[in-house]
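> The sequence shown lines up with residues 2 to 417 when you count with our numbering.
We treat Cβ as the ideally placed atom computed from N, Cα and C, and that holds for glycine.
None of these values were measured; they are calculated from a predicted model.
Structure provided below as structure tokens; questions to follow.
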Amino acid sequence: MDPFSITVGALGITGFALSSIDHLRDLIGSLTDAKEVVQDIASTLEAIQRPLTSLEQLTILDHVTYAEAKSDLENTGVAEAVNRCGQTCADFTRTLQQWTKHSNNSKLSLRDRISVGVWNREKIRTFRTQVQSCQAIVQFAIESTQLRLVQLRSEYTMKTDRKELKIRLQTLEKAIQEHTILVQKQHKEALERRERLQQEPEDEDDDGAQRTLAIKEVEEQTRLLESDQTASGVVSSQLRTTIQGQHSGNTYSATFTGEMGKHNVVITQLPKGEYGIAAAASVARDLVRTFPNIRIGLMVGIGAGAPSKKHDIRLGDVVVSAPHNGKGGLIQYDWGKTIQDQEFQTTGFLDQPPSLLRAAMGDIEAEYELDGHQLEENINTVLEKRPRLRKKYKRPDFCSDRLVVVVVVVDLIYPL
2 MDPFSITVGA LGITGFALSS IDHLRDLIGS LTDAKEVVQD IASTLEAIQR
52 PLTSLEQLTI LDHVTYAEAK SDLENTGVAE AVNRCGQTCA DFTRTLQQWT
102 KHSNNSKLSL RDRISVGVWN REKIRTFRTQ VQSCQAIVQF AIESTQLRLV
152 QLRSEYTMKT DRKELKIRLQ TLEKAIQEHT ILVQKQHKEA LERRERLQQE
202 PEDEDDDGAQ RTLAIKEVEE QTRLLESDQT ASGVVSSQLR TTIQGQHSGN
252 TYSATFTGEM GKHNVVITQL PKGEYGIAAA ASVARDLVRT FPNIRIGLMV
302 GIGAGAPSKK HDIRLGDVVV SAPHNGKGGL IQYDWGKTIQ DQEFQTTGFL
352 DQPPSLLRAA MGDIEAEYEL DGHQLEENIN TVLEKRPRLR KKYKRPDFCS
402 DRLVVVVVVV DLIYPL
């Protein structure tokens, strides 16, 4: 079987984006004034191109590994980052050409053009932020994928090779952590700049137009930095999974780690095609072995329930039982029976949840009473960050939503 390779086109990276990045780098290199002022941008653009070139040189021996590696790269948002960066590079190329087209001593130098006016300064800072974020996402995501492929091969190689791989994985993990700290610092600085701009008096010459445009640029910077943190978190999660899987021999098929508020969270699933109590117990055992500091666990299965005025049950809810009348609160599907003209009879019940979980549920219920839920807002936020998910996970139109009952009241008018 011929080996596979991951092309940038297969990931969804457009030729326009790649040519725009290349064109801007060449333009900066050809302008003496530009090299002096924005040489860092040219270097960052080159740092985007190198990993993309090395990615296409990778050889993958089987289709399953190819599909997993491609999926990991898609989840990091590499294609979206490069395509957005390419469009921004095309726009900046036109601006740079305009600024340097008729350069002479009577006109402002490129350095002056970039530094004069608060809007110009923030505009350049936005562009730098976009390029640097793209470079970080591309570098971290592709290097993580490369190490993952090396790990799969190293299972059958010498112990010294596996040790070297572990060092490389830890080095990359440290680099991502340092980058995340830097991005958080830049995000804080951007918020502070926005606050200062909002407090500045309006310029009488332009009625505050420069300030308004500068504030919009700073807000765009904060959005870019937030996306950077999200993408770095995805790569970091994939990397931790790779590191933890080096010697674990786990029975679960995939693990996702991250944070919810101030808590560290790990989510896993059964290998595809497996189900039942025995398989779930095996996965839970291995998960606790890999993450020995787990304090509380939820084993989420499939249940049946009907919404009512009292119980707002929605598709996808995780239901936690509450003890009632000496029983656990949830009924196992085969621990009950229905007899005609009689109430439903339970033949057994599950044990109640641990006290730690019940205490947490009490806090959640109190928060819900005060603030309700933000399901729609949270879903829309995720779909905005990950537009690829909209096709499968956005809310369906009411006309095609099978869970919505549409009641039409028609007044019938009979002729006399």
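Between the alpha carbons of G13 and L25, how many angstroms are there, rounded?
Numbered from its first residue, the sequence shown carries residue 13 at position 12. Numbered from its first residue, the sequence shown carries residue 25 at position 24. Approximately 21 Å, taken between the alpha carbons.
> How long is the line joining the alpha carbons of Q40 and G274, rounded to whole angstroms?
Here residue 40 refers to the residue found at position 39 when the sequence shown is read from its first residue. Here residue 274 refers to the residue found at position 273 when the sequence shown is read from its first residue. For Q40 and G274, the distance between alpha carbons rounds to 53 Å.
> By the 10 Å Cβ neighbour count, where 16 or more other Cβ atoms means buried, how is G78 classified, buried or exposed?
As a position in the sequence shown, residue 78 is number 77, starting the count at 1. Flag for G78 reads buried.
> Please state the DSSP three-state secondary structure of H374.
Against the sequence shown, residue 374 aligns to sequence position 373. DSSP places H374 in coil when its eight states are reduced to three.
> For T130, which residues of its own chain have a beta-carbon under 7 Å away from its beta-carbon, when the five flanking residues on both sides are left out?
Locating residue 130 in the sequence shown gives position 129, where the first residue counts as 1. Cβ within range, chain order: Q222, L225, L226.
> Only counting runs of 3 or more residues, tell me where the beta strand (DSSP E) segments fall wholly within the region 57-92, in order along the chain.
With a minimum length of 3 residues, no continuous beta strand (DSSP E) run stays inside the region 57-92.
> For G10 and T172, I'd like the C-alpha separation in whole angstroms.
Your numbering for residue 10 matches position 9 in the sequence shown. Your numbering for residue 172 matches position 171 in the sequence shown. G10 and T172: Cα-Cα distance of roughly 29 Å.
> Could you tell me which of A70, H264, R195 sits nearest to I61, measuring between CA atoms?
One-based indexing of the sequence shown puts residue 61 at position 60. Of A70, H264, R195, the residue nearest in Cα terms is A70.
> Helix, strand or coil: how does DSSP classify N476 here?
Since the displayed the chain opens at 2 and closes at 417, residue 476 lies outside it and no answer follows.
> Where does Q353 sit, in a helix, a strand or coil, going by DSSP?
What you label residue 353 is simply residue 352 of the sequence shown in a count that begins at 1. Looking at Q353 - three-state DSSP - the assignment turns out to be coil, as it is neither helix nor strand.
> Give the range of the alpha helix (DSSP H) segment to which V9 is assigned.
Looking up residue 9 in the sequence shown gives position 8. Start and end: 9-12.
> Would K393 and L384 be called neighbours here (beta carbons separated by less than 8 Å)?
Numbered from 1 along the sequence shown, position 392 holds the residue referred to as residue 393. Numbered from 1 along the sequence shown, position 383 holds the residue referred to as residue 384. Their beta carbons are not under 8 Å apart, which means K393 does not touch L384 by this criterion.
> Compute the distance between the beta-carbons of E57 and S134, then report whether it is under 8 Å.
Start at 1 with the first residue of the sequence shown, and residue 57 comes out as number 56. Start at 1 with the first residue of the sequence shown, and residue 134 comes out as number 133. Contact: no.
> May I ask you to verify whether the region 176-193 touches the region 259-279, counting CB pairs closer than 8 Å and requiring at least 3?
No contact exists between the region 176-193 and the region 259-279.
> Would you call the region 192-201 and the region 135-142 in contact, with 3 or more CB pairs under 8 Å?
Contact fails: fewer than three Cβ-Cβ distances are below 8 Å.
> Looking at C-beta atoms only, is the number of pairs between the region 173-187 and the region 77-94 that lie closer than 8 Å three or more?
Segments in contact, no.
> Using only the alpha-carbon positions, how far apart do S322 and E179 sit?
Stepping through the sequence shown from its first residue, residue 322 is reached at position 321. Stepping through the sequence shown from its first residue, residue 179 is reached at position 178. For S322 and E179, the distance between alpha carbons rounds to 42 Å.
> By Cβ distance, which residues of its chain are closer than 7 Å to V151, with the 5 residues on each side in sequence left out?
Taking the sequence shown and counting its residues from 1, one reaches residue 151 at position 150. Hits under 7 Å: L166.
> Under 8 Å, do V236 and I177 count as touching if we go by C-beta distance?
Counting from one through the sequence shown, the residue named residue 236 turns up at place 235. Counting from one through the sequence shown, the residue named residue 177 turns up at place 176. Yes; because the gap between Cβ atoms is below 8 Å, this pair is in contact.
> Per DSSP, which residues does H265 bridge with? Please list them.
Here residue 265 is taken as the residue at index 264 of the sequence shown, counted from 1. Checking the sequence, you will find Asn at residue 265 rather than His. Looking at the DSSP assignment, N265 forms a beta bridge with E260.
> Whole angstroms is fine: what's the gap from Q239's alpha carbon to L148's?
As a working note, residue 239 is residue 238 in the sequence shown. As a working note, residue 148 is residue 147 in the sequence shown. Cα to Cα, the separation comes out at about 11 Å.
> If the criterion is Cβ atoms closer than 8 Å, does the pair T279 and M300 meet it?
Position 278 of the sequence shown, counted from the start, is the residue given in the question as residue 279. Position 299 of the sequence shown, counted from the start, is the residue given in the question as residue 300. Here residue 279 is Ala; the residue named in the question, Thr, does not match the sequence. Their beta carbons are not under 8 Å apart, which means A279 does not touch M300 by this criterion.
> Taking only three categories from DSSP, how would you classify Q346?
Here residue 346 refers to the residue found at position 345 of the sequence shown. Q346: strand per DSSP, three-state reduction.
> Confirm, please, whether the CB-CB distance from T15 to G87 is below 8 Å.
Taking the sequence shown and counting its residues from 1, one reaches residue 87 at position 86. Taking the sequence shown and counting its residues from 1, one reaches residue 15 at position 14. It is a contact, given that the beta carbons lie within the stated cut-off.
> Rounded to whole angstroms, what's the CA-CA distance from L271 to V284? Just pull it up for me.
Translated into the one-based positions of the sequence shown, residue 271 becomes position 270. Translated into the one-based positions of the sequence shown, residue 284 becomes position 283. Roughly 7 Å separates the two Cα atoms.
> Note down, in chain order, each residue of its chain lying with its Cβ closer than 6 Å to the Cβ of A48, except the 5 sequence neighbours on either side.
To locate residue 48, count along the sequence shown from 1; it is residue 47. For A48, where only same-chain residues beyond five positions count, the Cβ hits under 6 Å are Q136.
> For R85, collect the residues of the same chain with a Cβ closer than 6 Å to its Cβ; drop the 5 residues on either side in sequence, then sort them by chain order.
Position 84 of the sequence shown holds residue 85. Within the same chain, R85 has no close Cβ partners at all.
> Out of A80, T231, V65, T66, which one is the CA nearest neighbour of Q50?
Position 49 of the sequence shown, counted from the first residue, corresponds to residue 50. Measuring from the Cα of Q50, the nearest candidate turns out to be A80.
> Please report the distance separating the alpha-carbon of L390 from that of Q343.
Here the question's residue 390 lines up with position 389 in the sequence shown. Here the question's residue 343 lines up with position 342 in the sequence shown. Their Cα atoms are separated by approximately 46 Å.
> What does the alpha-carbon distance come out to for the pair T231 and E193?
Sequence index remark: in the sequence shown, residue 231 carries index 230 (1-based). Sequence index remark: in the sequence shown, residue 193 carries index 192 (1-based). Going from the Cα of T231 to the Cα of E193 covers about 21 Å.
> Near P388, what residues of its chain come up, given a Cβ to Cβ distance below 8 Å and the 5 sequence neighbours on each side ignored?
Position 387 of the sequence shown, counted from the first residue, corresponds to residue 388. Within the same chain, P388 has close Cβ partners E81.
> Can you check which of these residues, I268, D229, D318, is closest to T242 by C-alpha distance?
For the purposes of this step, residue 242 is taken as the residue at position 241 of the sequence shown. Per the Cα distances, I268.
> Find the nearest neighbour of N76 within the set F17, T8, T146, K124, judged by alpha-carbon distance.
On the sequence shown, position 75 is the one that residue 76 refers to. The option with the nearest alpha carbon to N76 is T146.
> Would you mind stating whether E218 and T127 have Cβ atoms separated by less than 8 Å?
Locating residue 218 in the sequence shown gives position 217, where the first residue counts as 1. Locating residue 127 in the sequence shown gives position 126, where the first residue counts as 1. Yes, Cβ-Cβ distance for E218 and T127 is below 8 Å.
> Taking 8 Å as the threshold (C-beta atoms), are L46 and L97 in contact?
Translated into positions along the sequence shown, residue 97 becomes position 96. Translated into positions along the sequence shown, residue 46 becomes position 45. No, the pair does not count as a contact, with Cβ atoms beyond the cut-off.
> Could you please give me the residues that DSSP links to F5 through a beta bridge?
Translated into the one-based positions of the sequence shown, residue 5 becomes position 4. BP columns for F5 point to I61.
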